[in-house]
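Have a look at the structure below, then the notes.
Protein chains: 2
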Amino acid sequence: MYFYPNIQVYMQTLRQLRDAFEGVVTTYCSPRTPSGLYDPVVYILQLGGKRVRPMLCAAGYQFGDRDQDKAMWTAALALEVFHNFSLVHDDIMDNAPLRRGHPTVHQAWNTPTAILSGDIMLIDVYRLLSEASPADLLPLVLDRFHHTAVGVCEGQQLDMDCEESSQVEWSDYLTMIRGKTAVLLGGALEIGGLFGGVPVNDARLLSDAGVSLGMSFQLMDDWLDTFGDAAKTGKLQFGDILRRKKTALFHQAMALGSSPHREILERWYKSTPVDRPGIQVAEIASILDKSGAGDAVLEQAQSMHENALVLLDSIPSRRGGRELLNQLMAELQGRDS
Amino acid sequence: MYFYPNIQVYMQTLRQLRDAFEGVVTTYCSPRTPSGLYDPVVYILQLGGKRVRPMLCAAGYQFGDRDQDKAMWTAALALEVFHNFSLVHDDIMDNAPLRRGHPTVHQAWNTPTAILSGDIMLIDVYRLLSEASPADLLPLVLDRFHHTAVGVCEGQQLDMDCEESSQVEWSDYLTMIRGKTAVLLGGALEIGGLFGGVPVNDARLLSDAGVSLGMSFQLMDDWLDTFGDAAKTGKLQFGDILRRKKTALFHQAMALGSSPHREILERWYKSTPVDRPGIQVAEIASILDKSGAGDAVLEQAQSMHENALVLLDSIPSRRGGRELLNQLMAELQGRDS
Numbered sequence: 001m002y003f004y005p006n007i008q009v010y011m012q013t014l015r016q017l018r019d020a021f022e023g024v025v026t027t028y029c030s031p032r033t034p035s036g037l038y039d040p041v042v043y044i045l046q047l048g049g050k051r052v053r054p055m056l057c058a059a060g061y062q063f064g065d066r067d068q069d070k071a072m073w074t075a076a077l078a079l080e081v082f083h084n085f086s087l088v089h090d091d092i093m094d095n096a097p098l099r100r101g102h103p104t105v106h107q108a109w110n111t112p113t114a115i116l117s118g119d120i121m122l123i124d125v126y127r128l129l130s131e132a133s134p135a136d137l138l139p140l141v142l143d144r145f146h147h148t149a150v151g152v153c154e155g156q157q158l159d160m161d162c163e164e165s166s167q168v169e170w171s172d173y174l175t176m177i178r179g180k181t182a183v184l185l186g187g188a189l190e191i192g193g194l195f196g197g198v199p200v201n202d203a204r205l206l207s208d209a210g211v212s213l214g215m216s217f218q219l220m221d222d223w224l225d226t227f228g229d230a231a232k233t234g235k236l237q238f239g240d241i242l243r244r245k246k247t248a249l250f251h252q253a254m255a256l257g258s259s260p261h262r263e264i265l266e267r268w269y270k271s272t273p274v275d276r277p278g279i280q281v282a283e284i285a286s287i288l289d290k291s292g293a294g295d296a297v298l299e300q301a302q303s304m305h306e307n308a309l310v311l312l313d314s315i316p317s318r319r320g321g322r323e324l325l326n327q328l329m330a331e332l333q334g335r336d337s
Numbered sequence: 001m002y003f004y005p006n007i008q009v010y011m012q013t014l015r016q017l018r019d020a021f022e023g024v025v026t027t028y029c030s031p032r033t034p035s036g037l038y039d040p041v042v043y044i045l046q047l048g049g050k051r052v053r054p055m056l057c058a059a060g061y062q063f064g065d066r067d068q069d070k071a072m073w074t075a076a077l078a079l080e081v082f083h084n085f086s087l088v089h090d091d092i093m094d095n096a097p098l099r100r101g102h103p104t105v106h107q108a109w110n111t112p113t114a115i116l117s118g119d120i121m122l123i124d125v126y127r128l129l130s131e132a133s134p135a136d137l138l139p140l141v142l143d144r145f146h147h148t149a150v151g152v153c154e155g156q157q158l159d160m161d162c163e164e165s166s167q168v169e170w171s172d173y174l175t176m177i178r179g180k181t182a183v184l185l186g187g188a189l190e191i192g193g194l195f196g197g198v199p200v201n202d203a204r205l206l207s208d209a210g211v212s213l214g215m216s217f218q219l220m221d222d223w224l225d226t227f228g229d230a231a232k233t234g235k236l237q238f239g240d241i242l243r244r245k246k247t248a249l250f251h252q253a254m255a256l257g258s259s260p261h262r263e264i265l266e267r268w269y270k271s272t273p274v275d276r277p278g279i280q281v282a283e284i285a286s287i288l289d290k291s292g293a294g295d296a297v298l299e300q301a302q303s304m305h306e307n308a309l310v311l312l313d314s315i316p317s318r319r320g321g322r323e324l325l326n327q328l329m330a331e332l333q334g335r336d337s
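Residue numbers (my numbering), protein chains in the order written: chain A, 1 to 337; chain B, 1 to 337.
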């Protein structure tokens, strides 16, 4: 059976929790047959990553004071398996060659294998949630998880719809990033809270706060691509522009920019990296700035972040949940490596 | 909300149950947005089919005497949605252009849409099961469904493995058809039984009987391709041979046949329909016969069918479950159109 570390005894920091969670993942990754089905599951789960969702689950849990660490770890594992299921399937849909610097599952194996291994992961998510949940909590956990999972799939659909269109309503774009990124972060905080015995209404507020945080991070991520300090973000500046990725900045500039500016943007984003559209990257960055898109996106990101903090302030944290969440937020904002 | 017909009042025949179930499907197929995600769900569910799994669920239910028709119909819907999820994803993996005479979802839309719509169907299966189940039944229903769903995925993996190999152990082949076809039939009978209040042990026997029946039908289906009367089966004779489908007959002939016969089989099954391997279809059929493969497969199919009947005889049927199951078996065996 799985090794389930006990949180209460010694775990106060993200690093300790993350190490503990890696132990849970390692046990989960024991070989299973048929290997053609299960090897990709082990592969994707062991590519690492920051384990943000399990850490949010652990933080939500410590807003409460119920002792069921084993159940919480199992739920945290379910959320990480779900996240990785969505990566495997999204990478096929997005035709992505790399994930965390390694070949994606459909590249390392093939598309049928990536589809089927994703499916078995999704099926296993429900087994884990079902095993984790005491009978009285199970219907609620499944309901909240369902809400989350539907949001993630709808977000991926809207993302594909957005990529095909250059005139996307801003509200639709926000709905997209809400599903694609934020809903699962909120769900992880909420489900962790429910396992910690946080009252249902407070757990829902944890979800709302997590969704606001997630959207804020996503908007900031888009903003930093053009306006951030590459030395601090550690990312290639203008990477989104070079890849013609239609981020929040693009959509806001299409809504706010002048007609000539919009025309240049359209030409650029319809071109491919091998085309020579006769436009400089710096010109696009300048339009994103002058159109007011940069300021608008930054303002929205800040407002959502503040909204999350107000919500979080209203929820009692019985153990170290609030401190853990602060550590996690600092890390995600790049203020802590 | 859904329209849930009441079984007890008037439904005695498969036809009545099937009509009632179509009403449940129609209500489920109300439009949802984003349409890019949900339209394919409606499309595949409305391609029809014999609704074998919901009918097995209804038959299992009537082995018991508990009155919760609404829950049973919701579970039956969950099983049909799951079956259609597996069709959508399997059709991508198998590169199939047609399903029930219509374009498959990945043909009518595209592969990303087919992946994502399949995912949302699988997620919705768990919502339906969760909504259907009274709290005391939910963990058991999820556990039994999990067993079923894992079997189906493992079966699809083994099917892909089998297609790539010409030396498949007979036991592996049986495991494959068990997962690919039979497990879900058993699961439908069992889950229906649980909703009908059939005791857990008897419900498990219903599952075993359903699995045996499913394997028997699958083996008979393979046998009929070569040895059946096309006028009765309604299928193109030798269709599996022409498509180079490695059915039970092929695997048995590879195990039982002489070395020259095996060599001819290998040449045929490695060729494609546009090749001219210098072998007649009738010669392959003759080898399948002379090798003893035909008799061996027929014997196995009959033995599994008898095993199912013995199991079923041991389970009390409180309402019309046994009669319904007999109707369904007759229909599946082609003795009743």
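Where is the CB? At the ideal position from N, CA and C, for every residue including glycine.
My understanding is that residue i touches residue j, with C-beta atoms under 8 angstroms, so please give their C-beta distance in whole angstroms.
{"i": "residue 178/A", "j": "residue 196/A", "result": "Not quite, the Cβ-Cβ distance comes to about 25 angstroms (not below 8 angstroms), so this is no contact."}
{"i": "residue 71/A", "j": "residue 20/A", "result": "15 angstroms between Cβ atoms; not a contact."}
{"i": "residue 183/B", "j": "residue 148/B", "result": "5 angstroms"}
{"i": "residue 244/A", "j": "residue 286/A", "result": "Actually they are not in contact, since the Cβ atoms of residue 244/A and residue 286/A sit about 17 angstroms apart, beyond 8 angstroms."}
{"i": "residue 120/B", "j": "residue 37/B", "result": "6 angstroms"}
Which residues in chain A sit within 9 angstroms of residue i, going by Cβ to Cβ distance?
{"i": "residue 150/B", "result": "120, 123, 124 and 127"}
{"i": "residue 146/B", "result": "123, 124, 126, 127 and 130"}
Locate the alpha helix (DSSP H) running through residue i, then write down its first and last residues.
{"i": "residue 108/B", "result": "105-108"}
{"i": "residue 85/B", "result": "69-93"}
{"i": "residue 162/A", "result": "138-163"}
{"i": "residue 197/A", "result": "Careful: residue 197/A lies outside any alpha helix (DSSP H) and carries neither H nor E."}
{"i": "residue 111/A", "result": "111-132"}
{"i": "residue 260/A", "result": "259-270"}
{"i": "residue 40/A", "result": "35-45"}
{"i": "residue 249/A", "result": "248-256"}
{"i": "residue 21/B", "result": "14-28"}
{"i": "residue 60/A", "result": "52-61"}
{"i": "residue 181/B", "result": "From DSSP, residue 181/B is part of no alpha helix (DSSP H); its letter is neither H nor E."}
{"i": "residue 294/B", "result": "293-313"}
{"i": "residue 331/B", "result": "321-332"}
{"i": "residue 289/A", "result": "281-290"}
Beta-carbon separation of residue i and residue j under 8 angstroms?
{"i": "residue 115/A", "j": "residue 89/B", "result": "yes"}
{"i": "residue 112/A", "j": "residue 76/A", "result": "no"}
{"i": "residue 248/A", "j": "residue 222/A", "result": "yes"}
{"i": "residue 57/A", "j": "residue 79/A", "result": "yes"}
{"i": "residue 51/A", "j": "residue 18/A", "result": "yes"}
{"i": "residue 34/A", "j": "residue 161/B", "result": "yes"}
{"i": "residue 41/B", "j": "residue 130/B", "result": "no"}
{"i": "residue 63/A", "j": "residue 206/A", "result": "yes"}
{"i": "residue 233/B", "j": "residue 224/B", "result": "yes"}
{"i": "residue 193/A", "j": "residue 101/A", "result": "no"}
Kindly say whether residue i, judged by its beta-carbon, lies nearer than 8 angstroms to any beta-carbon of chain A.
{"i": "residue 311/B", "result": "no"}
{"i": "residue 160/B", "result": "yes"}
{"i": "residue 1/B", "result": "The predicted model places residue 1/B with a pLDDT of 43, which falls under 50 and marks its position as unreliable; any figure quoted below should be read in that light. Residue 1/B does not count as touching chain A."}
{"i": "residue 154/B", "result": "yes"}
{"i": "residue 36/B", "result": "yes"}
{"i": "residue 106/B", "result": "no"}
{"i": "residue 112/B", "result": "yes"}
{"i": "residue 5/B", "result": "no"}
Compare the C-beta of residue i with all C-beta atoms of chain B and state if any pair is closer than 8 angstroms.
{"i": "residue 187/A", "result": "no"}
{"i": "residue 157/A", "result": "yes"}
{"i": "residue 298/A", "result": "no"}
{"i": "residue 41/A", "result": "no"}
{"i": "residue 337/A", "result": "Low confidence applies to residue 337/A: its pLDDT is 35, below 50, so where it sits in the model is not reliable, and the reading given next is rough at best. No, residue 337/A lies away from the interface with chain B (no Cβ there is under 8 angstroms from its Cβ)."}
{"i": "residue 17/A", "result": "no"}
List, in chain order, every chain A residue whose beta-carbon is nearer than 8 angstroms to that of residue i.
{"i": "residue 139/B", "result": "130, 135 and 138"}
{"i": "residue 316/B", "result": "Residues of chain A passing the Cβ test: none, with the nearest at roughly 28 angstroms."}
{"i": "residue 79/B", "result": "Near residue 79/B there are no residues of chain A at all, since even the closest Cβ is about 14 angstroms away, more than 8 angstroms."}
Just the chain A side, please: which residues come within less than 7 angstroms of residue i by C-beta, in chain order?
{"i": "residue 115/B", "result": "89, 92, 93 and 115"}
{"i": "residue 273/B", "result": "Going along chain A, no residue has its Cβ under 7 angstroms from residue 273/B, so there is no contact; the nearest lies around 21 angstroms."}
{"i": "residue 102/B", "result": "The contacting residues do not exist; residue 102/B stays about 21 angstroms from chain A at best."}
Which residues in chain B have a C-beta closer than 7 angstroms to the C-beta of residue i? List them in chain order.
{"i": "residue 142/A", "result": "126 and 130"}
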